[in-house]
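Numbering (our numbering), first residue to last: 119 to 630.
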């Protein structure tokens, strides 16, 4: 649901830019190129400069060393423009510099290509014959994490103890606290996960202080002892560390320690991000399911969600265009299955809850998002709306393809996304209490954001893979719902959970 605020996938990325066969605009020498990078505002559609590379003198095949850093958002369309200029002076303005060409593309296209190549264009959008720009990308996110299994044997009489991990450096401290083990002088703590970036800033030589305390409910924990180590020492071997209490050591000449902490295992694994999977060749296979329920009313009426306005697209097409604009760059062939459900279809006008929009059962694919829109427009006049509709067949349709891909994939190659455009009320989620008929439920019951999602049997599902977004929540008072801003916000809400779902799925299967 919308209120829960799904986590946003944001990662800092670094772009490296090079050009080949630039035009030579200098008379006595070669061009001195520089690249200027602009990012398009999705609301105002204005271009804002975000970076410039260095100027390279007398070079028609520059490899710019200055990187361009920016934030990558999966669920947004981030349009970038790369402009190349021949710089012959020291002024910041570009009006007096020769223009050598430019190209525009989405950041997602660069991400999915990993190394993006494109001809440079004139401002009139005409390709320059030989000039080429090459943009490569890498993630700046550190993705390793630490699993540590600590054991402690105490030699003092204490009732309750806890362990606190924190940095040795006071100026940059952070901590991790274990659970409290009560009334036990030989406690064992549960394994826990700590990101290496949080634990030691990625520096394996940085000192880590481990403190063992006698826990008190009022927060005045008494120190039992502590020791100092680093990641190298923790990872290399199983080891017992003596817990030293400096105050006791100063008072007692025969003091050795206040117990020992036995680290029985320390495992370092790489936690792959969504970008890691995309860089590795992951394809997002996009399928669209469109509902044609009788509850939508006469499509010839302006009150219908599917009214075909000659001036602007209906709500179904707006949602399809907004979401499709984001996901299309993650599928190389851009051939998308488009299915309809909840209608009587020709030639016999039997009710169908799974039919291709192009009425070609052997090939339900449409070329690009525009192909889906065209198929929808062609199907509308020959369909008869029906209801209530059954959502299960198209879910099972996509699930069969996903299952087959899962069986064949030895590495993350294909992930399936089904976009369902519906008015929200359906048959087909599960048997009711009598076990004899299908119950009618709202579509948002499949979204587990408000709690653990359970099957009709009561068994919790392994993963929450549904994001329900009510379109009309984006139709704010006094705001045109057909603006680019509302469309972008809709796509952002629909797709925000996808990166987390992808990484969770492949992590659960142990795939890298």
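Backbone N, C-alpha and C fix where the C-beta goes; we use that ideal spot for every residue, glycine too.
- the ligand GDP heavy atom lying under 7 Å from the CB of residue 475: Among the ligands in the structure shown, none appear at all, so the ligand GDP cannot be discussed.
- Message: At 4 residues or longer, what runs of the alpha helix (DSSP H) sit wholly inside the segment 467-530?
- Response: 486-497, 510-526
- Hey, how far is the Cα of residue 604 from the Cα of residue 446? Locating residue 604 in the chain shown gives position 486, where the first residue counts as 1. Locating residue 446 in the chain shown gives position 328, where the first residue counts as 1. Each residue's alpha carbon lies about 19 Å from the other.
- Query: Could you give the distance in angstroms between the alpha-carbon of residue 619 and the alpha-carbon of residue 452?
  - Reply: Walking along the chain shown from the start, residue 619 turns up at place 501. Walking along the chain shown from the start, residue 452 turns up at place 334. Looking at the two C-alpha atoms, the distance is approximately 22 Å.
- Does the Cβ-Cβ distance between residue 224 and residue 197 come in under 8 Å? Along the chain shown, one-based indexing puts residue 224 at 106. Along the chain shown, one-based indexing puts residue 197 at 79. Going by C-beta atoms, residue 224 is nearer than 8 Å to residue 197.
- Message: If I follow the unbroken beta strand (DSSP E) through residue 441, where does it start and stop?
- Response: Position 323 of the chain shown, counted from the start, is the residue given in the question as residue 441. From DSSP, residue 441 is part of no beta strand (DSSP E) but of the alpha helix (DSSP H) over 433-445.
- 6 Å Cβ shell around residue 254 - same chain, five flanking residues per side excluded: One-based indexing of the chain shown puts residue 254 at position 136. 134, 233.
- Can you find at least 3 beta carbon pairs, one from the segment 372-389 and one from the segment 349-356, that sit closer than 8 Å? yes
- Cutoff 7 Å; reference residue 463; Cβ partners in own chain excluding five residues on either side: Numbered from its first residue, the chain shown carries residue 463 at position 345. Cβ within range, chain order: 470, 473, 501.
- Taking just the CA atoms, how far does residue 209 sit from residue 599? The residue given as residue 599 occupies position 481 in the chain shown. The residue given as residue 209 occupies position 91 in the chain shown. In this prediction, residue 599 scores a pLDDT of 47, lower than 50, which makes its location untrustworthy; the coordinate-derived value is nonetheless stated afterwards. Straight-line Cα distance between these residues: approximately 43 Å.
- residue 521 classed as buried or exposed, judged by whether at least 16 other C-beta atoms fall within 10 angstroms: Here residue 521 refers to the residue found at position 403 of the chain shown. With fewer than 16 other Cβ atoms within 10 Å, it is exposed.
- Query: Does the Cβ of residue 346 have 16 or more other Cβ atoms within 10 Å, making it buried, or fewer, making it exposed?
  - Reply: Counting from one through the chain shown, the residue named residue 346 turns up at place 228. Exposed, since its Cβ has fewer than 16 Cβ neighbours within 10 Å.
- Message: Is the separation between the beta-carbon of residue 390 and that of residue 621 shorter than 8 Å?
- Response: Position 272 of the chain shown, counted from the start, is the residue given in the question as residue 390. Position 503 of the chain shown, counted from the start, is the residue given in the question as residue 621. Yes.
- Message: Taking the straight line between their C-alpha atoms, what separation do you get for residue 533 and residue 327?
- Response: The count along the chain shown starts at 1 and reaches residue 533 at position 415. The count along the chain shown starts at 1 and reaches residue 327 at position 209. If you take the alpha carbons of residue 533 and residue 327, they lie about 42 Å apart.
- Item | 6 Å CB neighbourhood of residue 180 in its chain, flanking five on each side removed | Residue numbering aside, residue 180 sits at position 62 when the chain shown is read from its first letter. Excluding residues within five positions, the ones whose Cβ falls inside 6 Å are 137, 151, 174.
- Task: Go ahead and label residue 403 buried or exposed: buried means 16 or more other beta carbons lie within 10 angstroms of its beta carbon, across all protein chains shown.
- Result: Looking up residue 403 in the chain shown gives position 285. Buried, because 16 or more other Cβ atoms sit within 10 Å of the Cβ of residue 403.
- Alpha carbon to alpha carbon, how far is residue 222 from residue 164? Give it in angstroms, no decimals. Mapped onto the chain shown, residue 164 falls at position 46. Mapped onto the chain shown, residue 222 falls at position 104. Going by the C-alpha atoms only, they are around 13 Å apart.
- Query: Who are the near neighbours of residue 392 in its chain, counting only those whose CB is closer than 7 Å to its CB and skipping five residues on each side?
  - Reply: Here residue 392 is taken as the residue at index 274 of the chain shown, counted from 1. So the qualifying residues of the chain are 127, 192, 617, 620, 621.
- Using three-state DSSP, classify residue 199 as helix, strand or coil. For the purposes of this step, residue 199 is taken as residue 81 along the chain shown, with counting starting at 1. Residue 199: strand per DSSP, three-state reduction.
- Item | residue 475 to residue 493 span [Cα, whole Å] | One-based indexing of the chain shown puts residue 475 at position 357. One-based indexing of the chain shown puts residue 493 at position 375. Roughly 6 Å between the two C-alpha positions.
- Query: residue 340 to residue 537, Cα distance in whole Å?
  - Reply: Start at 1 with the first residue of the chain shown, and residue 340 comes out as number 222. Start at 1 with the first residue of the chain shown, and residue 537 comes out as number 419. Cα to Cα, the separation comes out at about 56 Å.
- Based on Cα-Cα distance, which residue from 155, 325, 460 lies nearest to residue 219? Position 101 of the chain shown holds residue 219. It is 155 whose Cα lies nearest to the Cα of residue 219.
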